[in-house]
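In full-length UniProt numbering, the protein residues as written are 1 to 271.
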């Protein structure tokens with residue numbers, strides 16, 4: 001493993017955009033997207049209203065959205081009450097929940113070993129995704145992570161890996177505002193590098209050890225790796241894990257949806 005495999009300096013990675021200049025630690029401005037649904041918009045205003053550039057809402061939510069509109073007035077940003085048909089056009093979907101904020105997304109940070117060492121010292125569990133490709137699954141996993149208090153999720157550089165999107169945000173119901181995302185280059189090497197710091201547990205189908213718990217072991221917090229919906233973890237990722245486990249079931253269906261698997265694992269990780 002070389003220094004190029006796992007970055008040692010902290011930084012940020014835009015959603016599909018370039019790395020900042022050397023020594024920089026702010027993500028470049030990227031195209032804002034639409035955050036729809038009351039729970040998602042409320043979480044955005046509670047955590048970082050400065051990212052909101054425009055706000056649209058239906059009359060039926062006028063009272064609930066009132067504090068958001070007041071914040072927009074303070075920021076001198078546009079906000080407007082609109083009809084259902086116009087809001088559907090703004091949102092690009094009927095699944096808008098009556099309110100849409102146009103906002104800058106949170107950045108995906110570059111994963112570094114220095115950071116991982118600090119997280120391990122703090123005893124924080126990690127959830128790592130190796131090519132989870134469906135944006136709705138990503139959103140559901142982030143919602144689960146936020147619900148159980150998992151503060152960080154690491155995304156792989158797998159070409160199929162879903163990144164933050166409007167649909168993922170909608171499904172996450174505000175979870176993205178409470179979970180920090182990190183991107184790991186050469187993902188299998190990143191998992192291997194976590195070995196001295198974390199109990200690295202991969203999940204897979206087949207003849208693997210049945211899962212019976214996910215507690216910390218040997219003073220190491222747990223890091224769980226979930227693979228692609230169709231193909232599972234990359235072979236190199238599987239080899240990098242200290243353990244590979246399977247969730248035992250009735251055998252009547254082959255597997256759980258990856259987001260359902262994440263919910264079971266997140267509960268066990270944080271008991």
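We put the beta carbon where it would ideally sit given N, CA and C, even for glycine.
Would you tell me roughly how many angstroms separate the C-alpha atoms of residue i and residue j, rounded to the nearest one?
{"i": "residue 26", "j": "residue 159", "result": "Residue placement at residue 26 is flagged as unreliable, the pLDDT there being 42, under the threshold of 50; the coordinate-derived value follows with that caveat. Between residue 26 and residue 159, the C-alpha separation is close to 25 Å."}
{"i": "residue 123", "j": "residue 224", "result": "14 Å"}
{"i": "residue 246", "j": "residue 174", "result": "30 Å"}
{"i": "residue 21", "j": "residue 253", "result": "With a pLDDT of only 36 at residue 21, under the threshold of 50, the placement of this residue in the model should not be trusted; the figure read from the coordinates follows. So the two alpha carbons sit approximately 49 Å from each other."}
{"i": "residue 70", "j": "residue 152", "result": "31 Å"}
{"i": "residue 268", "j": "residue 66", "result": "39 Å"}
{"i": "residue 83", "j": "residue 110", "result": "41 Å"}
{"i": "residue 326", "j": "residue 271", "result": "The structure shown has nothing for residue 326, since the chain only spans 1 to 271."}
{"i": "residue 154", "j": "residue 182", "result": "5 Å"}
{"i": "residue 258", "j": "residue 229", "result": "6 Å"}
{"i": "residue 141", "j": "residue 135", "result": "10 Å"}
What do you reckon, are the CB atoms on residue i and residue j nearer than 9 Å?
{"i": "residue 148", "j": "residue 101", "result": "no"}
{"i": "residue 121", "j": "residue 37", "result": "no"}
{"i": "residue 262", "j": "residue 227", "result": "no"}
{"i": "residue 103", "j": "residue 51", "result": "yes"}
{"i": "residue 187", "j": "residue 128", "result": "yes"}
{"i": "residue 164", "j": "residue 202", "result": "no"}
{"i": "residue 167", "j": "residue 131", "result": "no"}
{"i": "residue 189", "j": "residue 106", "result": "no"}
{"i": "residue 99", "j": "residue 61", "result": "yes"}
{"i": "residue 146", "j": "residue 172", "result": "yes"}
{"i": "residue 58", "j": "residue 87", "result": "yes"}
{"i": "residue 45", "j": "residue 68", "result": "yes"}
DSSP state of residue i, grouped into three classes?
{"i": "residue 51", "result": "helix"}
{"i": "residue 261", "result": "helix"}
{"i": "residue 171", "result": "helix"}
{"i": "residue 121", "result": "helix"}
{"i": "residue 253", "result": "coil"}
{"i": "residue 102", "result": "strand"}
{"i": "residue 60", "result": "helix"}
{"i": "residue 268", "result": "helix"}
{"i": "residue 87", "result": "helix"}
From the DSSP output, which residues share a beta bridge with residue i?
{"i": "residue 228", "result": "232"}
{"i": "residue 183", "result": "110 and 155"}
{"i": "residue 201", "result": "224 and 243"}
{"i": "residue 81", "result": "57"}
{"i": "residue 36", "result": "100"}
Please determine if the region 71 to 78 and the region 122 to 137 are in contact, where contact requires at least 3 C-beta pairs separated by less than 8 Å.
At 8 Å Cβ cutoff, the stretches do not touch.
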